[in-house]
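Below: one structure, written as structure tokens.
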Amino acid sequence: MLILILVSYFCHSAIGAVVPEYTNASVENAAVACEINPFEGANPTPLLVRSTSFVYPSSAGRRTITFAAGETVDFACPGGRLVLEGVSTTLQVATASCVSGVRFVVNNARYLWRQIQCSVNPVTTARLTGNSCESNGREAEIGFAVTTSRFVRTIQICFNQATQSPIYTYYDLIPAITQQVRGTPRPSWTQGTGIFTLTNVNNLFTQATQRVTINALLGLPTGSFNVIQNNNNYFLSRGHLTARSDFFYAAQQNSTFQFLNALPQWQTFNGFNWDQAETDVQDYAESNNVNLQVWTGGFGVTTLPHATTGRETELYLHVSGTQRSLPVPEIFWKVVYNPISQRGVALIGVNNPYKTAAQINRFCDDRSDLLPWLNWQRNNQMRGISWACTVTAFRRIVNTFPDIEIRGLLF
1 MLILILVSYF CHSAIGAVVP EYTNASVENA AVACEINPFE GANPTPLLVR STSFVYPSSA
61 GRRTITFAAG ETVDFACPGG RLVLEGVSTT LQVATASCVS GVRFVVNNAR YLWRQIQCSV
121 NPVTTARLTG NSCESNGREA EIGFAVTTSR FVRTIQICFN QATQSPIYTY YDLIPAITQQ
181 VRGTPRPSWT QGTGIFTLTN VNNLFTQATQ RVTINALLGL PTGSFNVIQN NNNYFLSRGH
241 LTARSDFFYA AQQNSTFQFL NALPQWQTFN GFNWDQAETD VQDYAESNNV NLQVWTGGFG
301 VTTLPHATTG RETELYLHVS GTQRSLPVPE IFWKVVYNPI SQRGVALIGV NNPYKTAAQI
361 NRFCDDRSDL LPWLNWQRNN QMRGISWACT VTAFRRIVNT FPDIEIRGLL F
């Protein structure tokens, strides 16, 4: 007789808590009755959740999810309805029980995994939590409202209301991340409601608008292409803090397109060294089969010389009289932490392709040579001069993220 196994789990409760997500690791030691590839179901695919966490493959290198006979999982369609074998129900979420193979009991009837879908793509919610965070910030979260009292989070944010910018974001990186769904359509960026006082953040990021704003700050003609250039990567992108590729499911990836999760980032840096760092961290999680905790943010305000005075001038995407917001960060940073070994590293990149190595303050010693898993071109100015530090040394300058216990470098 198959033994019903209750899969152990962990979930988020606060920024920086040691909280790996649900996996089905315990099923490995039981008789597997069901096994599904979550990307081979009908579209739109429901969320696979338990409590307030997503269900993932049990280990690195795996894409399928296994269940013991009778084991349950919730299929959720936030913002829509569950559709069973082409028939729409009144349910936004339903508990399914594994029968065998790809068969589940849902709503008192048996269905194949490919017969279970949502009426619409799961709808992302971005909201303030009512809590405070570092640097007098306001805590926010991005995720899915499964019910009015049940929220499944993808990203936590510490938001600076004065600058209208995130101080940092936080997410969990799973070992199976390299098996993620790929090639899904990119959604439009959105700013949510009740968070930003700026009415149209997206417009401020457009190349036409940012060119006018930056040129005015630097005393350049309105239409000058000297800084915000044309037909190349010398412009400010909507720089993800938590990357789209940091998530396993399509709905999670779509949830990253919130301005709570973006800072102005030079595309030269965004598409090269920072993209490489994101890939390297994901590969580290997979090759070491570990859950990682990751904080990402910006620090300082980058400058360029004024065309007339030569004075170094801070860059912003929004200027109204004497009020300035949406600063262009001087650096982007990413703290990567293994909560089991308590080892971590701070990855740092210069967010300005016009700054030479001689103009950059490397405020902590570079430990990149000790990290063979890092593959960036750290001294390439166009790609973004970058370096890696111990978390302890980094915190002496940048302390706008939760204090974590560090026992060494993340080799």
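Using the UniProt record's numbering, the first residue of the sequence shown is number 1, and each one after it goes up by one. The beta-carbon is built from N, C-alpha and C at its ideal position, and this holds for glycine as well. It should be emphasised that the depicted structure is a prediction, and the values quoted were computed from it without experimental measurement.
Length of the line joining the Cα atoms of I397 and W333: Reading the sequence shown from its first residue, position 397 is the one you call residue 397. Reading the sequence shown from its first residue, position 333 is the one you call residue 333. Taking the straight line from one Cα to the other gives about 12 Å.
Neighbourhood of V99 by C-beta distance below 8 Å, restricted to the same chain and skipping five residues each side: On the sequence shown, position 99 is the one that residue 99 refers to. Only A33, C34, A69, V105, R110 meet the Cβ criterion.
Endpoints, the alpha helix (DSSP H) within which L84 is located: The count along the sequence shown starts at 1 and reaches residue 84 at position 84. From DSSP, L84 is part of no alpha helix (DSSP H) but of the beta strand (DSSP E) over 82–84.
Inter-residue CB distance, W376 and A285 (contact presumed, cutoff 8 Å): Your numbering for residue 376 matches position 376 in the sequence shown. Your numbering for residue 285 matches position 285 in the sequence shown. Between A285 and W376 the Cβ distance is about 17 Å, and since that is not below 8 Å, they are no contact.
Presumed contact (8 Å Cβ cut-off) between P264 and V328, rounded CB distance: Numbered from its first residue, the sequence shown carries residue 264 at position 264. Numbered from its first residue, the sequence shown carries residue 328 at position 328. At roughly 4 Å, the Cβ-Cβ gap stays under 8 Å, so P264 and V328 are in contact.
Range covered by the alpha helix (DSSP H) that runs through L326: Counted from its first residue, the sequence shown places residue 326 at position 326. Counting along the chain, L326 falls outside any alpha helix (DSSP H), though it belongs to the beta strand (DSSP E) covering 323–327.
Alpha-carbon spacing of P402 relative to N215, whole angstroms: On the sequence shown, residue 402 is found 402 positions in, with the first residue counted as 1. On the sequence shown, residue 215 is found 215 positions in, with the first residue counted as 1. Cα to Cα, P402 sits roughly 36 Å from N215.
Inter-residue Cα distance where the pair is T193 and A126: As a working note, residue 193 is residue 193 in the sequence shown. As a working note, residue 126 is residue 126 in the sequence shown. Near 8 Å, if we compare the C-alpha coordinates of A126 and T193.
Uninterrupted beta strand (DSSP E) stretches inside the stretch 146–186 (no shorter than 3 residues): 150–160, 165–173
Beta-carbon separation (whole angstroms), S255 vs T89, contact threshold 8 Å: Against the sequence shown, residue 255 aligns to sequence position 255. Against the sequence shown, residue 89 aligns to sequence position 89. Actually they do not touch by this definition, with Cβ atoms about 24 Å apart.
Exposure label - T213; buried when at least 16 CB within 10 Å: Translated into the one-based positions of the sequence shown, residue 213 becomes position 213. With 16 or more Cβ atoms within 10 Å of its Cβ, T213 is classed as buried.
Beta bridge counterpart(s) of V87 as assigned by DSSP: Against the sequence shown, residue 87 aligns to sequence position 87. DSSP, once it has assigned bridges, lists L84 as partnering V87.
Cβ neighbours of A307 in the same chain (closer than 6 Å, five flanking residues each side left out): In the sequence shown, the residue the question calls residue 307 occupies position 307. Excluding residues within five positions, the ones whose Cβ falls inside 6 Å are L218, G219, L220.
N-terminal and C-terminal residue of the alpha helix (DSSP H) that T209 is part of: Walking along the sequence shown from the start, residue 209 turns up at place 209. Residues 207–218.
Proximal residues to T242 (C-beta, below 7 Å), its chain only, five neighbours per side dropped: Here residue 242 corresponds to residue number 242 of the sequence shown, with the count starting at 1. Hits under 7 Å: I155, T169, Y171, T256, N261, T296.
Segment limits, alpha helix (DSSP H) that includes N270: Mapped onto the sequence shown, residue 270 falls at position 270. Where N270 is concerned, the enclosing alpha helix (DSSP H) stretches over 267–270.
Option in A346, Q359, S368, R383 with minimal Cα separation from P353: On the sequence shown, residue 353 is found 353 positions in, with the first residue counted as 1. Comparing Cα-Cα distances from P353 to each of A346, Q359, S368, R383, the minimum goes to R383.
Counterpart residues of Q293 in DSSP-defined beta bridges: Within the sequence shown, residue 293 is the residue found at index 293, counting from 1. D172, Y337, per the DSSP bridge assignment.
Residue closest to R343, alpha-carbon to alpha-carbon, out of S237, L326, N231, Q293: By 1-based counting over the sequence shown, the position of residue 343 is 343. Nearest option by C-alpha distance: Q293.
Integer Cβ distance of S325 from Y316, believed to fall under 8 Å: Position 325 of the sequence shown, counted from the first residue, corresponds to residue 325. Position 316 of the sequence shown, counted from the first residue, corresponds to residue 316. Their Cβ separation, rounded to whole angstroms, is 6 Å, which keeps S325 and Y316 in contact under 8 Å.
Cutoff 8 Å; reference L84; Cβ partners in own chain excluding five residues on either side: Here residue 84 refers to the residue found at position 84 of the sequence shown. Once the five neighbours on either side are set aside, the close Cβ partners of L84 are V106, N107, A109, Y111, Q115, I116.
When L47, S59, S97, R62 are compared against A76, the one with the closest alpha-carbon: As a position in the sequence shown, residue 76 is number 76, starting the count at 1. Taking only the C-alpha atoms, the option nearest A76 is L47.
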